[in-house]
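What follows is a short report on a single structure.
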Ligand code: GLP
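Numbering (my numbering), first residue to last: 236 to 480.
Written out as structure tokens, the structure reads:
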């Protein structure tokens with residue numbers, strides 16, 4: 236784990252790692268496949284990548300992205316959608332090609348969702364797998380929306396959101412009754428096949444779940460503990476999130 240004085244320092248470090256991976260691949264004429272996350276935790280990382288694009292000429296022309304998750308059902312124009320979030324914080328401000336951006340589609344019908352998830356999983360494979368996966372963590376120990384009970388080898392699928400997760404989302408949705416009950420998420424298996432994983436956690440209210448994740452037994456009760464089995468994962472924490480370690 237790497238513990239930073241604050242979330243800003245941690246975010247800058249992670250943005251630099253992503254930028255050098257993008258440049259390294261571009262120099263070799265290769266694509267760079269990034270798995271991306273939403274939530275408040277990665278916002279500063281995206282902010283820094285946008286700054287590097289504007290001020291240092293960092294290009295996203297060779298970048299292919301796959302987002303972890305999306306609420307279901309969810310329209311793209313809804314300001315609570317992860318589709319909206321990603322465009323607002325990153326995609327609208329860099330030179331990434333629209334066809335290289337992949338976010339689970341919250342508009343997919345219930346009867347098509349299973350096949351859609353299979354296709355999403357297949358597209359990640361076809362792209363050559365994830366070179367780098369950025370993660371946040373929920374208070375339930377979820378990564379993406381892999382709630383407690385998720386299988387270590389799960390694939391992209393529709394899941395039912397945990398009550399705690401819906402409570403945490405309720406202020407953004409202006410009330411619990413407006414928070415969707417389901418979501419589409421990459422699986423634990425999908426995430427674990429990434430060549431490199433960085434999980435971000437900031438603030439005191441993440442301290443208990445960070446302790447469980449890093450020091451607890453590997454268990455489907457806290458899906459983030461599965462990351463203990465991944466050879467190239469770094470937990471990037473601020474002092475508050477690391478305070479119970
Ligand atoms: C949501 C997202 C997760 C994210 C989590 C934590 O549940 N699906 O990917 O990690 O929120 O959010 P935050 O970073 O705002 O604490």
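Just so you know, even glycine gets a beta-carbon here, dropped at the ideal spot from N, CA and C.
By the 16-neighbour rule on beta-carbons within 10 angstroms, residue 275 is exposed. DSSP lists 298 as the bridge partner or partners of residue 267. Here residue 426 is near residue 432, since their CB atoms are less than 9 Å apart. For residue 305, the enclosing beta strand (DSSP E) covers residues 304-307. Within the same chain, 401, 402 and 405 come within 7 Å of residue 411 by CB-CB distance, once the 5 residues on both sides are set aside. The beta carbon of residue 246 sits closer than 7 Å to the beta carbons of 279, 280 and 283 from its chain, once the five residues preceding and following it are set aside; these are given in chain order. Just so you know, the alpha carbons of residue 273 and residue 311 end up roughly 14 Å apart. Within the region 351-375, complete alpha helix (DSSP H) segments of at least 4 residues are not found at all.
At least one heavy atom of the ligand GLP falls within 8 Å of the beta-carbon of residue 272.
Within its own chain, the residues whose Cβ lies closer than 7 Å to the Cβ of residue 461, once the five positions on either side in sequence are excluded, are 387, 423, 427 and 453, listed in chain order.
An exposed status is given to residue 395, since fewer than 16 other beta-carbon atoms sit within 10 Å of its beta-carbon.
Short of 7 Å from the beta carbon of residue 451, and not among the five residues preceding or following it, lie these beta carbons of its own chain, in chain order: 457 and 460. Our two residues, residue 321 and residue 399, have alpha carbons roughly 24 Å apart in a direct line. With a cutoff of 8 Å, residue 402 does not count as near the ligand GLP, since its C-beta is closer than that to no heavy atom of the ligand. Excluding five sequence positions before and after residue 331, the CB atoms of its chain that fall closer than 6 Å to its own CB belong to 295 and 298, given in chain order. Residue 434 places its beta carbon less than 9 Å from that of residue 470. Looking at the DSSP output, residue 434 shares a beta bridge with 370 and 470.
Nearest to residue 325 by alpha-carbon distance, out of 309, 345 and 302, is 302. Annotation: residue 383 to residue 397 spans about 8 Å, alpha carbon to alpha carbon.
In the DSSP assignment, residue 419 falls within the unbroken beta strand (DSSP E) covering 417-420. Between residue 351 and residue 338 the beta-carbon gap is near 12 Å, outside 8 Å, which marks them as no contact. In the DSSP assignment, the residues bridged to residue 392 are 420. The Cβ neighbour count for residue 287, taken over all protein chains shown within 10 Å, is at least 16; the residue is labelled buried.
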